[in-house]
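Trainee: One structure, as structure tokens, below. Some questions next.
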Amino acid sequence: MDKLSAMHAFVRVVEAGSFSAVARETQTTQSRVSKQVAALERELGAQLLSRTTRSLALTEAGERYFSQARRLVAEIAEAESEVFQSEQELSGWLRVAASVGYGRLKLLPLVKRFLAAHPKVKIDLRLSDGFIDLVEEGIDVAVRIGELSDSSLVAIRIGTTQRMVIASRPYLHALADGLKVPQVPQDLLQHNCIVYSELATQNAWTFTAGPGALAEEGTQVTIRAQGNLQTNSSEVIRASVLSGMGIGYSPTWLFEDEVASGELQVLLPDWPAPSLPIHLVSPPQRRQSAKVRAFAMHMASQ
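Mapping to my numbering: the sequence shown position 8 is 2, numbers consecutive.
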């Protein structure tokens, strides 16, 4: 028995005064409505309605039950109406997670445009370079960069990001005698490399020979980067590279402006690093909210 449906049928029978009226209202048979109420009575172990051929009357137990059931049915209807309205209007909070660097440099401008388009939506932006459990933290949607390890998540691929090796000009100008600007990946072993510990491959930096490389095109090389600084923060990677502490291996968006201005130099341009997929992920559930779907479409269209 669907107890909620039976409760709703009972309430409507009392309010309408007959089984036939409810049957017409719900486009079903009088017999079905009567069976729903009878099943509810069996479930409760009490007679709720006194039936005669001409009228219906609430029993004492029925009066007590009707008072509570009508309130509960009304509250459920109100809750459903509020959910439907919020789904149509896109309102309320949307909890979004991303890494610190991506969130500040790439996501925040997109969030600004999304909020301008949906003025009734509020975004709680959670930025962390560490792992965030979406269910435990109550996150609606997150940006994940790299291959996904959790196949249970609902994922939408929204793009890719290239990676590059970069260094500041002061770092390169201050190289000790005999140390040259890297020409091949193996040259990085002689340099101070800044390692991002949140990278799935840790200090394993991979490159593929391009058309201009001094190697057969397509040759893949992986080196174990070494240096005096390792960090789990993309912001520290950014600050340390900009200050000339060493060489970084990072997504292009982390240093886009500085490369364009000439403040930083891209190294090994003939040895590109593998690109990384960018996904929007949300917790496994039967149906995504309208806010999540709208945010995903907004991100994918940028």
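Positions of the beta carbon are idealized from the N, C-alpha and C atoms, including for glycine. Please read all numbers here as calculations on a predicted model, not as lab measurements.
If we require 3 or more residues per run, which beta strand (DSSP E) segments fall completely within the stretch 240 to 284?
Mentor: With a minimum length of 3 residues, the continuous beta strand (DSSP E) runs that stay inside the stretch 240 to 284 are 242 to 245, 258 to 261, 270 to 276.
Trainee: CB-CB under 6 Å to V8, same chain, minus the five flanking residues each way: which ones, in chain order?
Mentor: In the sequence shown, the residue the question calls residue 8 occupies position 14. Excluding residues within five positions, the ones whose Cβ falls inside 6 Å are F60.
Trainee: Just to confirm before moving on: does the CB-CB distance between I188 and M239 stay below 8 Å?
Mentor: The count along the sequence shown starts at 1 and reaches residue 188 at position 194. The count along the sequence shown starts at 1 and reaches residue 239 at position 245. Cβ distance < 8 Å, so I188 and M239 count as in contact.
Trainee: If you check the beta carbons only, do P103 and T202 fall under 8 Å apart?
Mentor: As a working mapping, residue 103 is identified with position 109 in the sequence shown. As a working mapping, residue 202 is identified with position 208 in the sequence shown. Cβ atoms of P103 and T202: not closer than 8 Å.
Trainee: Compute the Euclidean distance between the alpha carbons of D264 and R218, then round it to the nearest angstrom.
Mentor: Position 270 of the sequence shown, counting from 1, holds the residue named residue 264. Position 224 of the sequence shown, counting from 1, holds the residue named residue 218. The straight-line gap from Cα to Cα measures roughly 19 Å.
Trainee: Name the DSSP beta bridge partners of I160, please?
Mentor: The residue labelled residue 160 in the question sits at position 166 within the sequence shown. Note: I160 sits in a beta bridge opposite G242, V260.
Trainee: Got a sec? Which residues, its chain only, sit under 6 Å from M291 by beta carbon, not counting five neighbours each side?
Mentor: Along the sequence shown, read from residue 1 onward, the residue named residue 291 stands at position 297. Closer than 6 Å at Cβ, skipping near neighbours: no residue.
Trainee: Does the distance from the CB of I231 to the CB of G242 come in under 8 Å?
Mentor: The residue you call residue 231 lines up with position 237 of the sequence shown. The residue you call residue 242 lines up with position 248 of the sequence shown. For I231 and G242, yes; Cβs fall inside 8 Å.
Trainee: Tell me which residues share the same chain as L52 and place their Cβ nearer than 8 Å to its Cβ, disregarding the 5 neighbours each side in the sequence.
Mentor: Numbered from 1 along the sequence shown, position 58 holds the residue referred to as residue 52. Non-local beta-carbon contacts of L52 in its own chain, meaning distances under 8 Å to residues more than five positions away in sequence, involve V8, L42, L43, S44, F60 in chain order.
Trainee: What are the uninterrupted segments assigned as alpha helix (DSSP H) that are 4 or more residues long and contained completely in the stretch 51 to 95, given in chain order?
Mentor: 54 to 83
Trainee: Have a look at S295, F108, K116, S234 and flag the residue whose alpha-carbon is nearest the alpha-carbon of I160.
Mentor: Position 166 of the sequence shown holds residue 160. With respect to the C-alpha of I160, the residue from S295, F108, K116, S234 having the closest C-alpha is S234.
Trainee: Give the single residue among H112, W199, L66, V253 whose Cα lies nearest to the Cα of P179.
Mentor: By one-based count along the sequence shown, residue 179 stands at place 185. Of H112, W199, L66, V253, the residue nearest in Cα terms is W199.
Trainee: Less than 8 Å between the C-beta atoms of V115 and L121, yes or no?
Mentor: On the sequence shown, position 121 is the one that residue 115 refers to. On the sequence shown, position 127 is the one that residue 121 refers to. Cβ distance not < 8 Å, so V115 and L121 don't count as in contact.
Trainee: Suppose you measure from the CA of V253 to the CA of P245; what does that come to, to the nearest Å?
Mentor: Translated into the one-based positions of the sequence shown, residue 253 becomes position 259. Translated into the one-based positions of the sequence shown, residue 245 becomes position 251. Between the C-alpha atoms of V253 and P245 there is a straight-line separation of about 12 Å.
Trainee: Grab the span of the beta strand (DSSP E) containing V189 for me, first residue to last.
Mentor: Counting from one through the sequence shown, the residue named residue 189 turns up at place 195. Start and end: 188 to 190.
Trainee: Going by other Cβ atoms of all chains shown within 10 Å of its Cβ, with 16 needed for buried, is S162 buried or exposed?
Mentor: Locating residue 162 in the sequence shown gives position 168, where the first residue counts as 1. So S162 ends up on the buried side.
Trainee: Tell me which residues share the same chain as H112 and place their Cβ nearer than 6 Å to its Cβ, disregarding the 5 neighbours each side in the sequence.
Mentor: As a working mapping, residue 112 is identified with position 118 in the sequence shown. L84.
Trainee: How many Å lie between V16 and S276 at the Cα?
Mentor: For the purposes of this step, residue 16 is identified with residue 22 of the sequence shown, where counting begins at 1. For the purposes of this step, residue 276 is identified with residue 282 of the sequence shown, where counting begins at 1. For V16 and S276, the distance between alpha carbons rounds to 41 Å.
Trainee: CB-CB under 8 Å to R280, same chain, minus the five flanking residues each way: which ones, in chain order?
Mentor: As a first step, residue 280 is located in the sequence shown; it is residue number 286 there, counting from the start. Any reading at R280 needs caution, since the residue's pLDDT is 49, under 50, leaving its predicted position unreliable; the model's value is listed next. None.
Trainee: CA-CA distance, R89 and D134?
Mentor: In the sequence shown, the residue the question calls residue 89 occupies position 95. In the sequence shown, the residue the question calls residue 134 occupies position 140. Approximately 5 Å between the Cα atoms of the pair.
Trainee: Out of A288, M158, H185, which has the shortest C-alpha to C-alpha gap to L166?
Mentor: As a first step, residue 166 must be located in the sequence shown, where it is residue number 172. Of A288, M158, H185, the residue nearest in Cα terms is H185.
Trainee: Quick check on the DSSP output: the beta strand (DSSP E) that includes Q224 runs from which residue to which?
Mentor: Position 230 of the sequence shown holds residue 224. Here the beta strand (DSSP E) through Q224 covers 223 to 225.
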